[in-house]
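Structure record follows, encoded as structure tokens.
Protein chains in written order, with this note's numbering: chain A, 1 to 420; chain B, 1001 to 1118.
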């Protein structure tokens, strides 16, 4: 029989070597797992960005409110999901990529590239009346005007003081405006009703009336605050994926700051000095008080449905700054009570204005104006198709400005901002 | 000189030979593990490749520089290729690969929207 004295020593040595080797293996395994995790995380971010780019390109083909699964490169290595939903006059694209327990989710607010087509400073529908300019009026950019043309006018002791009536090319306009984007109207008309989609959470406004801040991420379900009565938003900070709906009027006080949220109501009133970035959708009227500042991307929209006893109006007081879009669309034209967008003196509007009926314009517009008829009210009279002391400058609008798809011609989507 | 109190037993030749074989096997297995470890995972050259690919991708996106390019750094070759994306003309695939000789070390793939198509 062989004595095992030396074998014991060797076995001990083997165990020591095994322990040292296995600890090396373990350290290496964890190190590798960590590195692979980091690399995978970066790949997920790249895939999410790629998915957003895919969504921008195939925007029209992607159904709203439905999760679309994509194999980005058809290699089963880059599988992501994409969701599109309407957010007022814009869209939200949400992309998600997953690997094991890791997940990356990003959302973007998108609008249309309004510089893709012709850069129109003024489109005035042809109502067989010329456009008359007076005072210090300046129009820079291409214009679509009635066949009756453009002329100088002398009103309230003022005559036209500029060098050129139109600093740009002139084309003949049609009897009606380029048709408004039906999808934009229909999607937002639906939101006036109490009905919500299955992906949203509805909360009675009374429960949060006394809260001073309401914040909801775009990665969560949309929070809808509903009231059958009028609402007053006072002393609040409202930020994110939030919609306020009222069957009555919503009033926003100057001590309220809103970012990204949407308001749907019969009537909306912004008191003087409100500063926010908000989308306002009303059915009857919107009143914007003096010195309000609505930063990009803000939207003021009046969507008239059916008949009304009073004329529908968007009234913007003096010294207001708005960057975004203002549009009015009335389903039924009532010649006795025509709808009106009125923009006060010393206002500065950067972006788009579309009025399917009347527009009373004072102040300055950096962007494009589309309207059926222009109205000028003076203390002594009311003039049709007259502009006095107005600046419309399409050339000054940034190349990077992303707006709302007010007409169907505009389709190329671009990112307005990253939401998370 | 101290005298040993007892008698120490010596190992037999067979015993010594067996233990030497066992230790040799253990050492060789351990060295295989360590060699495998050092050549797999994130090696120094893979780290270099990763950094170069990442820098090239970042600069391409920042500067909208979407052209085919190849750079050489030490013994690494970084290739940037802009490929058509079959489903749309507006989209392109930004493919960046790092090679050492014929061995592919690192790859990134992005879908990009070309500026003129934005």
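We put the beta carbon where it would ideally sit given N, CA and C, even for glycine.
{"Query": "In chain A, what lies closer than 7 angstroms to residue 1111 of chain B by C-beta?", "Result": "50, 53, 54, 72"}
{"Query": "Do the region 1105 to 1112 of chain B and the region 42 to 59 of chain A meet, that is, are 3 or more Cβ pairs less than 8 angstroms apart?", "Result": "yes"}
{"Query": "At a CB-CB cut-off below 8 angstroms, which residues of chain A make contact with residue 1108 of chain B?", "Result": "43, 46"}
{"Query": "Below 7 angstroms between beta carbons is the criterion; list the residues of the region 21 to 42 of chain A that meet it against any residue of chain B, in chain order.", "Result": "21, 24, 25, 28, 31, 32, 35"}
{"Query": "Output, in chain order, the set of chain B residues within a Cβ distance shorter than 7 angstroms of residue 9 of chain A.", "Result": "1019"}
{"Query": "Would residue 325 of chain A pass as an interface residue toward chain B - the criterion being a Cβ-Cβ separation below 9 angstroms?", "Result": "no"}
{"Query": "With a threshold of 9 angstroms between beta-carbons, can residue 1041 of chain B be considered close to chain A, or not?", "Result": "yes"}
{"Query": "Using only the alpha-carbon positions, how far apart do residue 337 of chain A and residue 310 of chain A sit?", "Result": "7 angstroms"}
{"Query": "Quick check on the burial criterion: 16 or more other C-beta atoms within 10 angstroms. Buried or exposed for residue 238 of chain A?", "Result": "buried"}
{"Query": "Run through the region 329 to 391 of chain A for me and flag every whole alpha helix (DSSP H) of 4 or more residues, listed as ranges in chain order.", "Result": "none"}
{"Query": "Against chain A, with Cβ distances strictly below 9 angstroms, would residue 1088 of chain B count as a contact?", "Result": "yes"}
{"Query": "Answer yes or no: do residue 414 of chain A and residue 111 of chain A have a C-beta to C-beta separation smaller than 9 angstroms?", "Result": "yes"}
{"Query": "How would you write the range of the beta strand (DSSP E) that residue 216 of chain A sits in, first residue to last?", "Result": "213 to 216"}
{"Query": "Beta-carbon separation of residue 375 of chain A and residue 137 of chain A under 9 angstroms?", "Result": "no"}
{"Query": "With respect to the beta strand (DSSP E) encompassing residue 121 of chain A, which residues constitute its N-terminal and C-terminal limits?", "Result": "120 to 124"}
{"Query": "Among B/1031, B/1012, B/1037, which residue has its Cα nearest to the Cα of residue 32 of chain A?", "Result": "B/1037"}
{"Query": "Cα-Cα, which of A/53, A/349, A/98, A/267 is closest to residue 291 of chain A?", "Result": "A/349"}
{"Query": "With a threshold of 9 angstroms between beta carbons, is residue 410 of chain A in contact with chain B?", "Result": "no"}
{"Query": "Give the secondary structure of residue 29 of chain A by DSSP, where H, G and I count as helix, E and B as strand, and everything else as coil.", "Result": "helix"}
{"Query": "Just to make sure I have the definition right: I need the residues of chain A whose C-beta is within less than 8 angstroms of the C-beta of residue 1037 of chain B. Which are they?", "Result": "24, 25, 28"}
{"Query": "So what does DSSP say about residue 55 of chain A, is it helix, strand or coil?", "Result": "helix"}
{"Query": "So who's on the other strand from residue 239 of chain A, going by DSSP bridges?", "Result": "A/215, A/259"}
{"Query": "Determine which residues of the region 1049 to 1067 of chain B have a Cβ less than 7 angstroms from any Cβ of chain A, and write them out in chain order.", "Result": "none"}
{"Query": "Looking at the secondary structure, which residues open and close the alpha helix (DSSP H) in which residue 1013 of chain B lies?", "Result": "1013 to 1039"}
{"Query": "Under 8 angstroms Cβ-Cβ, which residues of chain B neighbour residue 82 of chain A?", "Result": "Ordered by position in chain B, no residue passes the 8 angstroms Cβ test against residue 82 of chain A, which lies about 12 angstroms from the chain."}
{"Query": "Might you give, ordered along the chain, the residues of its own chain that have their beta carbon closer than 8 angstroms to the beta carbon of residue 304 of chain A, omitting 5 neighbours on each side?", "Result": "283, 284, 312, 328, 329, 330, 331, 332, 339"}
{"Query": "Between the Cα of residue 405 of chain A and the Cα atoms of A/183, A/13, A/8, which residue gives the shortest distance?", "Result": "A/183"}
{"Query": "Which chain B residues sit within Cβ distance under 7 angstroms of residue 57 of chain A?", "Result": "1088, 1090, 1091, 1113"}
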